[in-house]
Structures are given as C-alpha cells and as structure tokens.
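Residue numbers (the numbering used here), protein chains in the order written: chain A, 4 to 194; chain B, 4 to 194; chain C, 4 to 194; chain D, 4 to 194.
Encoded as structure tokens, the structure appears first; notes follow it.
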DNA sequence: GATGAATGAGCCTTCATTCAT
DNA sequence: TATGAATGAAGGCTCATTCAT
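Right, here's the structure in full:
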C-alpha cells in the first residue's frame, strides 16, 4: 500500500515534468511549478530525484526505454526481414501518434547539453534487435549495405519528422500518406 | 570606421551567444558569460538586442537566413530538376559540414518554446525555390507526387542527421557514404 | 505558534521598509537593505509581497488604515459636534506625535506616482465618520457650509504640518501652542 | 548667441526633468529619458549638472526661488498689513493655479531625503518679507501672536492644499470658494 | 515519508555616468 | 560644447534546494 502510493508520487512528478517542460521549456518550468502540477510539495521531488537535472535525465531515460520497448511490440527475431521491418516501422509511427507529448520531450532534450552523454547513449543500445534485423537483411541481400545510422536516417527518421510536423500543424496523415511513406522508407534501404 | 566597429560588436555578441549556448545550453549561458566571451560589457548587449530572448531569436533567424541563402549557391531555376536537386543537396551537406556549430544551434532551438512561432515560420518560407523545383519536377513527372514536407523528410532530413551524428562521433563520411546517401535521397523522391 | 512566527516576519519586513524608506528614500532603499534590516533573506520578502511596489503600497495602505482607526479613539457618533471634533483633533495630534515615522512615510508617499490611485482613495473613505460629523454640524448651524476638503484643510492640515515641522526641528509644541492651534482650527470652521 | 543657446539647453533639461519626474516619479525618470525629452544627449546633462541629485536639487531650488519671487508680485513693505497679506495670499493662489506642475514637483520633493537640508532651508529664507509683514502685524495688534510656522500653516497651507486637490480631481474652485478660503485664512491669524 | 517556509546565490536588466570623438 | 556608445555596479526578482516540523 505504501509502496503503491510512493510509485504514484514518483509517476505524478515525472508526468508533471513532461507536461511543464513541453509547454514552457526547461528554463521556464521551475520545480515549484512542477510540484504544484504533480500535487506534491517541492521538497518531495527531492525524495525521488537528486536534482532538477537528475529529474530531467531520468524522465528522458525512461521515455527512451519505453519507446525502445514499444517499437518491438509484436516483433520477433525469427520474422522475415521485410515483415519485421514493417512491424517496427508501424510501431514507430504509432508511438509518435499515440504519445506525441513524450516524443516531443525526447526531441526537445535530444540536442541539448542538459542530457548527459552516457544517458543519451543508452537509448541507442536499446534498439539492438532492429540493428540485428538489418544485419540479417544485409546478409540475406535484402537490405542495402549501409551503416546502421544511415539505414535509420532513411527509413525511420522521415516518419518521425512527418508525424511531428503533422501534429504541429494539426493535420492528420492520411492512409495514403502513410502507405507512401512506408514504401519510400522501404525503397530507400532495400535492394 | 565607426560603423565597422559597431558591426563588430554586434557580430561578436552573436558569435559568443552561439558558442555559449551550444556549449552550455540556453539556461546555463548567462548574459554575463556571453558578454565576457564577446569582450563587451553586459550592458552593451542591450544596445543591440532587446532581451536575451530577442538575442536568441535574432541569432536563430539570421542563421536560418544564412542557411537558406547558402543552399541555393550555384543554383538557378532554369536548371534541369535533377541537376538542381543535386546542387541543393550538396549545398545542404556542405553547410552542415562547414558550419556544424551553426547547425547545432538551429537544431537546439528548433524544438524549443524559446523561438517564437513567427520566427520559426520565416525559415520555412526562405526555401521556396526548392519547393518550386519540386513542383516543376512533379509536373514533369520526375518527382513523386508527395507533399513538400514528405519530400523534405526523405531527401534532405537524412543527410542533415547523418552529418550531425558523424560529427558527434568524430568520424567523417566517406565519399562512398555520401554517394550512397545522395542516391538513396534521390531514389526516395524520384519516380 | 507557527502563525505567530509568520506574522512576525511580515511585520518585521513592513517595519524595516518603513525605516529604510524614511531614512534613505524609496529609490535608495533596495530590497536587500530592507531584508537585512528585517533579519530575513531577500527572497523571503517575496513570500509576503508580490513586488517592491506591492510592499510599499501595502505598507501605505495599512498605515492609513491604522491612522483612520486611531483618530476615532474615544469618539462616538452621538457626541455633540464640538466635543466630537475636539476628540478627533486631539487624536490626530497624538498620532502625529506618537508615530512620527509612520506619518512621515505616509507623506513621503502621498505625492508620489508610486502609490496607486485606488490605494490612495481607500484612505479617504476611511474617515467617513468625520465627514458625517461635519455634515451634522452644518445641519445644526455650527459648522461653516464648506466642502469637506476645505474643512479638512483648515482644521486638520495645519496641525499635521505643525507637528511635522516641530519634530523636524526638534522643538516640542507647548501646551499653549496646542491650545492656540486648536482654537484657530475650530474658529476656522465653526460659525 | 552662444550664451543664449546654452541657456536654452539648460532650461530644456530642467523643464524635461520637471515633466518626467512629475509624470513617472524620480526613480522611474532615468537620465536618458530626461535627455530625450529635452532633446539633448545624456552626456550633455553632465555639462550643466554634476549628477542626477544635483539636477533635482537645482530644479527644486530654482522653483522655490521663483515661487518666493512670485508671491511678492505687487507687494511692497509699506502696505497696510491686511492689504499686504491679501496680495501675497492671492499670489500664492495664482502660482498654484498657473504653475501646477512646478508646485507638484516641489511637493513631491519636499518630504524626501533626496533634497539636501541646506537646500530645503533656502526656501524658508526666501519668504522673509512675509515674516516681516506678520511681525509688523503682531506689533500693530492685528495678527495673532503665533509663531511664523503656525501662521503659515493656518493661512497659506490650506489654500496650497485646496488648489492641489481641486486640480487633482479636475474641479475648479469657484470665486465663492476662494472668497471663503481667504476669509477663513485671515480669520485664523488675525485678531 | 512529506511538507512548504525559508534561503541566498545568481540571473536578467537598468541606468547614472564617462570618454573618445 | 556636444555627442552617444559603452560601461559595469547594482537592483529587483527567481528558483533550485534545504531543513525544521
């Protein structure tokens, strides 16, 4: 019972941080504002996090982990390369659409000295199964012999950007747009 | 002579801002630090910029304008679509490689509430000639009938990301990488 | 117990403000100086007051209210007009003599754009019983048919000024002076 | 010619100071604002005045001197006491009505530590002829045997206040009000 | 664990004053 | 004389963090 309550508080703080930083930016989201939004006292935050920096880094880290987990939903390493990629690509799209707030937060942090390098690196490691899939695809002569990062930038980065922009402009991607995007993504990396 | 001196001060402040914000982040780059780096007094900044926000926005705005200008170097609207695209693509690549600091600053600002929407929008308008080229290509049946944003996200976004990542990891892109990237970019948007 | 401590801090800040502004003037009484005098940290002031302007206005407002309250000590609306006026006149005199610091602060603020009009107006309303007394006196044919403000300026303003000047010059008003002043005040407004 | 221009500048600065301090208060009337209003450069002010404090004190001093001069317009020391007082009283009234800005400035400074005591004292000396008149009146048994300051506070202070308040409320004093005020003033100090 | 009043270092900004021109 | 760009000390205020309760 105690433990549950504690979890709630920690979650509430993280959630409030996400919202406040997204809406106001890091430097305009004071701890007092976050604590009020979370329904706890400012002092309480320091029971769960060492500092504001730690709070931000933890949130970033957990969101990245969640993202990495979600994109492998329904994926299994014995799928055909094309099928596996389609599953993952779809998951990436869905994550962006379903959790735009989280995605925005990640991006807002991504190019900032606020996030420690170590932390940033952890995100990369978490998508290992995708790298493995691509490697297998390359061995099977299905995927172009590009570096991981190049494969990523041509097949997943575009859809991430597309969704972000469409959300920002309040227009939704049509099924045709999505199909086109998928095809372009696949064409760009497949032989 | 006088005019030159003034220009120098304004430039020095902008340059110092770029450096300090890149290295420390917006919220950890106080005006006093910027002024010291620029070799002027804190008060002097306010002779050229209204506030810290104005300083950041102005810098962002000018960098975006410079970027928009550079990517059309050697480009002319009567070029063949493929040739024109190649010129622009190369320019984008070169800008990123030659001015990584500027590019980083732009990206650090891009997902932040710090930059006014109006300002952000100006950047979009500046690359109109590229949009015109794509439209002509679509009329000529050379370019896929995708929206601007989709064409952008598949043909230019990847190279922007690639260079950023390679710089971050201190590895340079080989000519083969670049050729591959260009081909993938072109394939993704051309029929 | 806790409530008491809080009150103490608020009071200490107001008291320190009174002293520092009186001694140095508004523009030469920085918040840091006030906070030091009050024995609190600068930030603490902002727990009780929104801004320096708010602090000054609140102090002004409370002093005016206290003044309005004190001048009706021992006064009751069913007194004879002459008796009532004498009570109030005496109270005004006593307030000025007993609380010269407060009176000085009020005067220092009175001709300043620092105090909001709304705030200034509240002080006027608080002495309504005096206005009522004068009106009754006029109906009874005892008080001259002058406007409130004229009655005020001839019967109370002089004594306010007299005490201020005598305090400034470190000379005390003799009983005869006071009796003379009272008689002159009464003569000036009575028929 | 040169000299005239100089005078103009000095006057322009003083005039601008009067206006800006009246409208915004001392602490919200920066030298730059005053210089702009005066149509000169900030540096120029320091050719005529040592500091902001000096500027304010000089203005205060000159206005007081002008006031002292004006109130003796048409007065001569061989007038009958009653006639002389009436002339002076009228002049005080007229000054307040004709130069409300100057009068306001004087009052705004009067209760402030901004004005040096020495300076404040000079104003008192300048109305010596009035004191002389009163003394003569006392010797002739026409004026009550009150101290100067008491005579002042009952016979001139009220009209100063009355005009100020009526200007503030944008209502003008009627001839009857003025006649009443004069009579009350005279009654208060005459035997 | 939880609170929130209190802290005080440090930030952005202002502005009286200077000085090279 | 006159200028006005430049200065930099100092001010009002914020906010991450602490600690007595």
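All C-beta atoms, glycine included, are put in the ideal place defined by N, C-alpha and C.
Assign residue i to one of two classes, buried (16 or more other C-beta atoms within 10 Å of its C-beta) or exposed (fewer than that).
| i | result |
| --- | --- |
| residue 67 of chain A | buried |
| residue 171 of chain A | exposed |
| residue 60 of chain B | buried |
| residue 148 of chain B | exposed |
| residue 4 of chain A | Confidence in residue 4 of chain A is poor, its pLDDT being 45 and thus under 50, which makes the residue's placement too unreliable to answer from. |
| residue 17 of chain A | buried |
| residue 33 of chain A | exposed |
| residue 166 of chain C | buried |
| residue 76 of chain C | exposed |
| residue 114 of chain C | buried |
| residue 37 of chain D | buried |
| residue 43 of chain A | buried |
| residue 35 of chain B | exposed |
| residue 188 of chain C | buried |
| residue 19 of chain A | buried |
| residue 179 of chain A | exposed |
| residue 3 of chain D | What is shown of chain D runs 4 to 194, which leaves residue 3 of chain D out entirely. |
| residue 106 of chain C | buried |
| residue 194 of chain B | exposed |
| residue 176 of chain B | buried |
Could you pull the start and end residues of the alpha helix (DSSP H) that residue i belongs to?
| i | result |
| --- | --- |
| residue 52 of chain B | Where residue 52 of chain B is concerned, there is no enclosing alpha helix (DSSP H), given that its DSSP letter is neither H nor E. |
| residue 113 of chain C | 103 to 113 |
| residue 153 of chain C | 151 to 158 |
| residue 120 of chain B | 120 to 128 |
| residue 32 of chain B | Counting along the chain, residue 32 of chain B falls outside any alpha helix (DSSP H), and DSSP gives it neither H nor E. |
I want to verify the contact list: residues of chain A whose CB lies under 7 Å from the CB of residue i, in sequence order.
| i | result |
| --- | --- |
| residue 87 of chain B | In chain order: nothing, as chain A lies at least about 20 Å away. |
| residue 115 of chain B | 28 and 111 |
| residue 168 of chain B | 152 |
Using a Cβ cut-off of 9 Å, pull out every chain D residue sitting near residue i, in sequence order please.
| i | result |
| --- | --- |
| residue 164 of chain C | 152, 155, 156 and 160 |
| residue 180 of chain C | 149, 150 and 153 |
Assuming the contact rule is C-beta atoms closer than 8 Å, residue i and residue j should be a hit. Round their C-beta distance to whole Å, please.
| i | j | result |
| --- | --- | --- |
| residue 109 of chain D | residue 94 of chain D | Not quite, the Cβ-Cβ distance comes to about 15 Å (not below 8 Å), so this is no contact. |
| residue 191 of chain A | residue 155 of chain A | Not a contact, Cβ separation roughly 11 Å. |
| residue 117 of chain C | residue 52 of chain C | That pair is no contact at about 14 Å. |
| residue 88 of chain B | residue 136 of chain B | 7 Å |
| residue 22 of chain B | residue 40 of chain B | 6 Å |
| residue 80 of chain C | residue 45 of chain C | Residue 80 of chain C to residue 45 of chain C, Cβ: 46 Å. No contact. |
| residue 25 of chain C | residue 111 of chain C | 7 Å |
| residue 83 of chain C | residue 153 of chain D | At roughly 27 Å, the Cβ-Cβ gap does not stay under 8 Å, so residue 83 of chain C and residue 153 of chain D are not in contact. |
| residue 48 of chain C | residue 58 of chain C | 7 Å |
| residue 160 of chain B | residue 161 of chain A | 6 Å |
Under the DSSP definition of a beta bridge, which residues are partnered with residue i?
| i | result |
| --- | --- |
| residue 193 of chain B | B/146 |
Going along chain B, which residues have a C-beta under 8 Å from residue i?
| i | result |
| --- | --- |
| residue 183 of chain A | 147, 149 and 153 |
Using a C-beta to C-beta distance shorter than 7 Å, which residues of chain B count as neighbours of residue i?
| i | result |
| --- | --- |
| residue 57 of chain A | Result: empty, since nearest Cβ-Cβ is about 15 Å, beyond 7 Å. |
Can you name the residues of chain C whose CB is closer than 7 Å to the CB of residue i?
| i | result |
| --- | --- |
| residue 187 of chain D | 157 and 191 |
Which residues in chain A have a C-beta closer than 8 Å to the C-beta of residue i? List them in chain order.
| i | result |
| --- | --- |
| residue 107 of chain B | 114 |
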